[in-house]
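Written out below as structure tokens is the structure these notes cover.
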Amino acid sequence: MIKDLRDYIQLLKEQNKIDIVDEAAELSDISLRMREQEKRGKTILFRNIPGFEGTSMINNLFADRSFLAAIFGCAQETVQELLEERYSKRIPPVMVKEGPVQEKVFLGEEIDIFGFPFIQHAPKDGGRYNSAGIVIAKDPRTGIRNCSINRMQLKGRNVTGFRMSPRQDLESYYNAAKELGQRLELAVSIGNHPLDLLAAASGPPRDVDELELAGAFRGEAVELVKCKTVDLEVPARAELVLEGYLDPQEPWEPEGPFGDFMEFYVPVMDNPLFHITAITCREHPILQAIHAGSRDDVTLLGTPREVEIARMLKSMNVDVRKISLQICNNYLTGAVAIHKQLEDEPRNVMMGAFAAFKFLKNFVVVDEDVDVDNPKEILWAMSTRLRAEKGILVIPNAVGFGRDAYGIHTAKLGIDATAPLGHWDEFERTGGQNG
Ligand SMILES: Cc1cc2nc3c(=O)[nH]c(=O)nc-3n(C[C@H](O)[C@H](O)[C@H](O)COP(=O)(O)O)c2cc1C
Ligand SMILES: [Mn+2]
15 MIKDLRDYIQ LLKEQNKIDI VDEAAELSDI SLRMREQEKR GKTILFRNIP
65 GFEGTSMINN LFADRSFLAA IFGCAQETVQ ELLEERYSKR IPPVMVKEGP
115 VQEKVFLGEE IDIFGFPFIQ HAPKDGGRYN SAGIVIAKDP RTGIRNCSIN
165 RMQLKGRNVT GFRMSPRQDL ESYYNAAKEL GQRLELAVSI GNHPLDLLAA
215 ASGPPRDVDE LELAGAFRGE AVELVKCKTV DLEVPARAEL VLEGYLDPQE
265 PWEPEGPFGD FMEFYVPVMD NPLFHITAIT CREHPILQAI HAGSRDDVTL
315 LGTPREVEIA RMLKSMNVDV RKISLQICNN YLTGAVAIHK QLEDEPRNVM
365 MGAFAAFKFL KNFVVVDEDV DVDNPKEILW AMSTRLRAEK GILVIPNAVG
415 FGRDAYGIHT AKLGIDATAP LGHWDEFERT GGQNG
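Put into structure tokens, the structure is as follows:
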């Protein structure tokens, strides 16, 4: 198993899944080149960014599902099942005395986040952003660790904007710190093992440390080192760490706009400030950027939620064949293929999926002969097997995606596009155009 981002790059090289750019690439050109690379379905590493000598920038770590298969050395079709199996086998991280992520340490006046090649991602963004950091924090009441990914807008040498949404665990830590009159310390790890990113994007119960989940996905404990200026630990083999804090007593400040995963711009919003107390990094660190709404982004967002929904449905004795939350480059719409055992089972399936992942908005249930990764196949199943007056479920007034000025995300739509039970012979496919 790979141990860090550098091992992953080596693996991608061996499998011809990465392009390495050694010619000079201006910081302002990188976003557009990343977009082109996304169409090619390969990772890209920029090693020569004028003004940022010695630091590289990598993008498109998960160009598609096959990149996860490469990490596990398994067939693409078995990744979902493998992750499901590993999900429950959590492995706590272990402490080590030292790690490459602290080869260099910047404190006080030496701190300058602008000195690292964080990019502007979309033309109308409010500025340069860190988009791929794992934010590590501890619950001020219980000490339980949390990991998430949060965008951070560069605002000063040692200060960034910090987008924290009201539906994520981290916000409950922030509110607890506020009540206790404390700061909330954070460590932001950049240039991570790809499976640590997957763990940070997962949604386990609030009292689960996502680094234990990272251990489960890796099949071995994540090694941690103690931070220099905050009472937290970070992956020893990450590339760069920003140590610092949010101050809940401090007023929020405008952050944005930012081209977000729904592929439109989030307007300027008030958000907390992140104050940086130390930057530590490897010699010649490799930073990472993620384009919101890219395949890279949806693989990261969708894969853990597919696994969590599969676990829920299997606990209900549903015969799940495959789930996809990656049909349209965001994880708000999905589909599941099942082997239906009871005529009305698809309704329970929808309710289970909506319960397992609260942002899920539209969910289609199809039979096992339908490819849930292919939107045309899903429309085919709706055309041939959906009876709308029976097969549509609308659940109003439920919790959905949070940034929702017009109430677009508060209703759930379930669609049953399965054939009537017991009449399979009449619905068997001919292997024609779609089959
Ligand atoms: C690339 C990327 C960027 C993200 N940016 C944000 C963000 O800025 N704010 C946010 O609340 N969630 C963001 N998320 C989603 C959270 O990281 C995700 O919901 C996570 O599971 C929340 O963890 P928590 O509930 O344990 O705090 C992002 C996810 C990805 C993959
Ligand atoms: Mn969490």
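Take the sequence shown: its letters are residues 15 to 449, numbered as in our numbering. For each residue, glycine too, the CB sits at the ideal point set by N, CA and C.
No Cβ-Cβ contact shorter than 8 Å links LEU184 with ALA146. ARG335 and HIS353 have their alpha carbons spaced roughly 7 Å apart.
Residue pairing by DSSP places LEU427 opposite ASN376, VAL408 in a beta bridge. Annotation for MET396: no beta strand (DSSP E) segment contains it, though the alpha helix (DSSP H) segment containing it runs 389-399. Residue burial is scored here from C-beta neighbours: ASN331 has fewer than 16 other C-beta atoms within 10 angstroms and is therefore classed as exposed.
Residue state for SER102 is assigned as coil, using DSSP reduced to three classes.
Among the bridge pairs identified by DSSP, GLU124 is matched with none. Between ligand 2 and ASN160, a heavy atom-to-CB distance of less than 7 Å is present.
At a Cβ-Cβ threshold of 8 Å, LEU301 and GLU257 do not count as neighbours. Here the distance from the Cβ of ARG220 to the nearest heavy atom of ligand 2 is below 7 Å. With fewer than 16 other Cβ atoms from the protein chains shown falling within 10 Å of its own Cβ, TRP438 counts as exposed. Under the three-state reduction of DSSP, MET178 is assigned to coil, being neither helix nor strand.
In this structure, ASP418 has its CB at a distance of at least 7 Å from all heavy atoms of ligand 2. Straight through space, the alpha carbons of ASN206 and ALA83 are spaced by roughly 18 Å. Under the rule that a run must span 3 or more residues, the beta strand (DSSP E) segments found entirely inside the segment 271-306 read 283-285, 287-295, 300-303. With a contact defined as Cβ atoms closer than 8 Å, TYR101 and ALA235 miss out at about 16 Å. In this structure, the CA atom of LEU246 is about 14 Å from the CA atom of LEU260. In the three-state reduction of the DSSP assignment, THR243 falls in the coil class, being assigned neither a helical nor a strand state.
Rounded to whole angstroms, the Cβ separation of ILE429 and ILE406 is 6 Å, and the two are in contact under 8 Å. In its chain, beyond the 5 residues on either side, GLU117, LYS118 have a beta carbon closer than 7 Å to the beta carbon of GLU297. Residue pairing by DSSP places ASN73 opposite ILE58, ALA303 in a beta bridge.
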